[in-house]
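Chains as they are written, first to last, in my numbering: chain A, 1 to 109; chain B, 1001 to 1109; chain C, 2001 to 2109.
No residue lacks a Cβ here, since even glycine has one placed at the ideal position from N, Cα and C.
These figures come from a predicted structure and were not determined experimentally.
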Amino acid sequence: MKLVVAIVQNEDVGRLLDSLQKEGIMATKLSTSGGFLRSGNTTLLIGVEDDRVGEVIDIISQKCKTRKQIVSSPVTNNPSMGAYIPYPIEITIGGATIFVLNIERFEKV
Amino acid sequence: MKLVVAIVQNEDVGRLLDSLQKEGIMATKLSTSGGFLRSGNTTLLIGVEDDRVGEVIDIISQKCKTRKQIVSSPVTNNPSMGAYIPYPIEITIGGATIFVLNIERFEKV
Amino acid sequence: MKLVVAIVQNEDVGRLLDSLQKEGIMATKLSTSGGFLRSGNTTLLIGVEDDRVGEVIDIISQKCKTRKQIVSSPVTNNPSMGAYIPYPIEITIGGATIFVLNIERFEKV
Ligand code: NI
Ligand code: NI
Ligand code: NI
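Shown next as structure tokens:
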């Protein structure tokens, strides 16, 4: 068996867990208090048979893939800018980091 | 050395940590915010010498084994049922999922 | 690649993450609710290339090394002691437990 350790964005966790559950794949959600690189992520521990690792990575990829989103520009506090006129900006959301580890022994009690 | 990753029910954690401590076995408790399969679990990281893995699994098994418990039936909200008469029902509690990983290098600083 | 699992004292986490970031090393911070051996620790997951494991352990060692600190004695509640006169005592702070695991497969999506 393999242990898939997946660090995903909080906003993607719900849809990812739904998809894994539909395939009967167990996941344990760890509270992640945020690394320095990005805030608001969650670490999942997913135990799977060796021959399902590719499937798990595909599901994570589909649900968490890095993608662009158009949002309104944030309000700034610069008074010299006068009236605030929001404009569209492109941000990157999602993304996942996945580590696959070998499980030497697996037990359910 | 081996890293035992054990996902156990919250209600069993205290007794399990007591038993591990009596044997001088170190455990680190991660906050688990609940996977989709069950709520209220905790993930423990337990570093042990190779020849003590069986002992650790035995202790987890003793303290966390799936078992039946008789409880009163939950109150329902169905008004057609009239007066609520509780009856005994059998539920399953406990249980643990255990992954054993190989530690390539171990350091204490 | 290797996954470095480091259990460090809360008070050392900020300086450690700063140092790792300066070297471009990614860390994910898990909320640790405290094992039985010590309270107030944090578990970090650090994914690195094989040839940087030594560097990561060196950084953890520098930032988290066990060291002595002189503090005022805690106030006791023993009334027979009369007026409380604080005296200096030496305590041990810091320290880290490090497990290095092999990553069989690594993906960023
Ligand atoms: Ni296997
Ligand atoms: Ni070993
Ligand atoms: Ni490698």
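Under the Cβ distance rule, Glu49 (chain A) does not count among the residues neighbouring chain B, no pair being separated by less than 8 Å. Shortest Cα-Cα distance from Lys2002 (chain C) to any of A:Glu107, A:Phe99, A:Thr43 involves A:Phe99. Where Ser2061 (chain C) is concerned, the enclosing alpha helix (DSSP H) starts and stops at 2053-2064. The straight-line gap separating the alpha-carbon atoms of Thr2042 (chain C) and Ala2006 (chain C) is approximately 8 Å. Between the region 1081-1092 of chain B and the region 89-103 of chain A, the count of C-beta pairs closer than 8 Å stays below three; the two stretches do not touch. The continuous alpha helix (DSSP H) containing Glu1011 (chain B) extends over residues 1010-1022.
At least one CB atom of chain B sits nearer than 8 Å to the CB of Lys29 (chain A). Between Val8 (chain A) and Val53 (chain A), the C-beta gap is not smaller than 8 Å, which leaves the two residues out of contact. With a threshold of 8 Å between beta carbons, Val2109 (chain C) makes no contact with chain B. Ala1027 (chain B) is bridged by DSSP to B:Ile1046.
Residues of chain B whose Cβ lies closer than 7 Å to the Cβ of Ser2072 (chain C) do not exist; the shortest such Cβ separation is about 27 Å. Ranked by how close their Cα comes to the Cα of Ser1073 (chain B), the residues B:Ile1091, B:Leu1016, B:Cys1064, B:Gln1062 have B:Ile1091 in first place. The Cβ atoms of Leu1030 (chain B) and Leu30 (chain A) lie closer than 8 Å to each other. Taking 8 Å as the CB threshold, Ser1061 (chain B) lines the interface with chain A.
Classified as buried, Ile1060 (chain B) has 16 or more neighbouring CB atoms from the shown chains inside 10 Å of its CB.
Taking all protein chains shown into account, Gly1047 (chain B) has 16 or more neighbouring C-beta atoms within 10 Å of its C-beta and is therefore buried. The Cβ atoms of Thr32 (chain A) and Thr2032 (chain C) do not sit closer than 8 Å to each other. Contact check for Asn2010 (chain C) and Glu1104 (chain B): beta-carbon distance about 27 Å, past the 8 Å limit, so the pair fails to qualify. Short of 7 Å from the beta carbon of Lys2063 (chain C), and not among the five residues preceding or following it, lie these beta carbons of its own chain, in chain order: Asp2012, Arg2015, Leu2016, Ser2019. Pairing Asp50 (chain A) with Glu23 (chain A), the inter-Cα distance amounts to about 15 Å. Residues of the region 1080-1101 of chain B with a C-beta atom less than 9 Å from some C-beta of chain A are Gly1094, Gly1095, Ala1096, Thr1097, Ile1098, Phe1099, Val1100, Leu1101, listed in chain order. Taking CB atoms only, Lys2065 (chain C) has a neighbour in chain B less than 8 Å away.
In the three-state reduction of the DSSP assignment, Ala1096 (chain B) falls in the strand class, which pools E and B.
DSSP places Glu2107 (chain C) in the uninterrupted beta strand (DSSP E) bounded by 2105-2108. Contact check for Lys1068 (chain B) against Val109 (chain A) fails: the beta carbons are separated by 8 Å or more.
Boundaries of the beta strand (DSSP E) around Ser1072 (chain B): 1067-1072. Proximity of chain A to Ile2103 (chain C) at the Cβ level (cut-off 8 Å) is accounted for by Phe99, Val100, Leu101, in chain order. For the pair Glu2107 (chain C) and Ile25 (chain A), the CB atoms are not nearer than the 8 Å cut-off. Residue pairing of Pro1088 (chain B) in beta bridges, as defined by DSSP: B:Ser1072. The Cβ of Ile46 (chain A) sits no closer than 8 Å to any Cβ of chain C. Taking C-beta separations shorter than 8 Å and ignoring five residues to either side along the sequence, the partners of Gly2040 (chain C) in its chain run Gln2009, Asn2010, Glu2011, Gly2034, following chain order.
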